[in-house]
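Notes for the one structure printed next.
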Amino acid sequence: MSDQEETTPRGAKTHKGKRILESREPKLVEGPKQTLFIRGPKTSLSVRQLAHEWHLIKRDFSTTYNKNHEIQPFEDTKQLETFCERSQCSMFCFVSNSKKRPDNLIIGRTFDKKILDMVELHLKEFKSQEEFGTSVEIPMHARPLIIFNGDVFGFNPNHMKLHNLFTDFFYENVPIQDIKSQEIHLIISITATNDTSLAITVLQKQNHEDGIKIQEIGPRSIFEIRRTKWADDELFKKACRQPKPKAKPHEKNIVYDEVGDKRGKVFVQQQDLSTLALKKRKKLRKGDQKLKARIESQEQNAEVNEE
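Mapping to UniProt numbering: the sequence shown position 166 is 166, numbers consecutive.
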């Protein structure tokens, strides 16, 4: 089978399949960004626990695969792209553990069903939510406040791309009309002290009588940056391009009154009455005709008698 035949999309055979394919097509207004958490051939307890707790923070906007998969994202991205497309996830978090790269974690994103960019991190220190011993009560669909600490995020090209990648990873893209300080419950702090180290901590805002209290709830993780794979400038500009909204078609014979109700004229063609289906009557038989004549004569005699 040729490569062209393998990449040819298969058409839908049912109405349900047609709706599924339409939902996967590019949209002018994107929905919430989904994240796929996937494991490599071997994993350690610390990276598994970190991926699990990040999955709980994202909740409805993430999918996790609990089985191990023989994937090496920096060598071959085909299988990972297939999993992301199948799960309808634009972000992914891949965890693995090997002798060459222990406690490994890869965060990346896709564009047009292909890997756009990704970064490989080494988990050096980790402290889970259980070790903090605090009760975590985060409302569903809570918009996190992301804080980037460090001057390197402002001038280092590598960290500027990391800033963009982590914003997409933790940002759920949920439309909110008005953001109030009382509705912010979760804070994600990302700190970079130098070009290779990175620390990510999760905090929770609590309202007390004395005021607002910020408490660390975990997980706390310290990384070392290993490998990176960034998209070229042309592809990145194409991924960030926003198409112009389509013009709304003109509505003919439709007006809106002062209240805002929709009023319109409806033109109906004249109905052809010659083709109108009427109720069919049974033809009278000979016996029925004699009975009818007898009844009519009796009615005439009754009218004469009354006169």
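Just so it is clear, CB atoms sit at the ideal spot from N, CA and C, and this is done for glycine as well.
Since we're looking at a predicted model, the values are computed, not measured.
Between Ser96 and Gly218 the beta-carbon gap is near 22 Å, outside 8 Å, which marks them as no contact. Contact between Ile188 and Pro157 does not hold, since their C-beta atoms are separated by about 23 Å, which reaches or exceeds 8 Å. In the DSSP assignment, Cys240 falls within the unbroken alpha helix (DSSP H) covering Asp233 to Cys240. Fully enclosed alpha helix (DSSP H) runs of no fewer than 4 residues occupy 233-240 of the region 210-277, in order along the chain. Around the C-beta of Glu299, fewer than 16 other C-beta atoms lie within 10 Å, and the residue is accordingly described as exposed. The C-beta of Ser297 has fewer than 16 other C-beta atoms within 10 Å across all chains shown, which makes the residue exposed.
Leaving aside the five residues that flank Thr228 on each side, the residues in its chain whose CB is nearer than 6 Å to its CB run, in chain order, Val119. For Ile57, the uninterrupted alpha helix (DSSP H) segment begins and ends at Leu45 to Lys58.
For Arg24 and Val152, the gap between their C-alpha atoms comes out near 37 Å. Contact between Ile190 and Phe169 fails: their C-beta atoms lie close to 10 Å from each other, not under 8 Å. Fewer than three beta-carbon pairs drawn from the region 54-61 and the region 71-80 are found closer than 8 Å, and the two stretches are therefore not classed as touching. Residue nearest to Leu123 within the set Asp233, Leu21, Ile200 and Phe37 is Ile200 (criterion: CA-CA distance).
Closest by C-alpha distance to Leu198, out of Lys100, Phe148 and Phe155, is Phe148. Segment contact: the region 15-30 against the region 40-60, fewer than three CB-CB distances shorter than 8 Å; contact not assigned.
Within the region 64-147, the runs of alpha helix (DSSP H) that reach at least 4 residues and sit entirely inside it are, in chain order, 78-87 and 129-132.
Its chain contains Ala12 as the residues whose beta carbon lies nearer than 7 Å to that of Lys18, once the 5 sequence neighbours on both sides are disregarded; these appear in chain order.
In the DSSP assignment, the residues bridged to Ser62 are Thr35.
In terms of Cα proximity to Ile222, the closest of Ile212, Lys205, Lys244 and Asn194 is Asn194.
In the structure shown, the three-state DSSP call for Lys205 is strand. In the DSSP annotation of this structure, the continuous segment of the beta strand (DSSP E) that includes Thr191 starts and ends at Leu186 to Thr191. Per DSSP, reduced to three states, the secondary structure at Asn149 is strand. Linking Gly150 to Gln204 through their CA atoms gives a straight-line distance of about 21 Å. Contact annotation, Phe94 with Ile71: C-beta distance approximately 7 Å; criterion of less than 8 Å satisfied. If you draw a straight line from the Cα of Phe111 to the Cα of Lys237, it comes to about 11 Å.
Around Asn66, the same chain offers no residue with a beta carbon nearer than 6 Å, after the five sequence neighbours per side are excluded.
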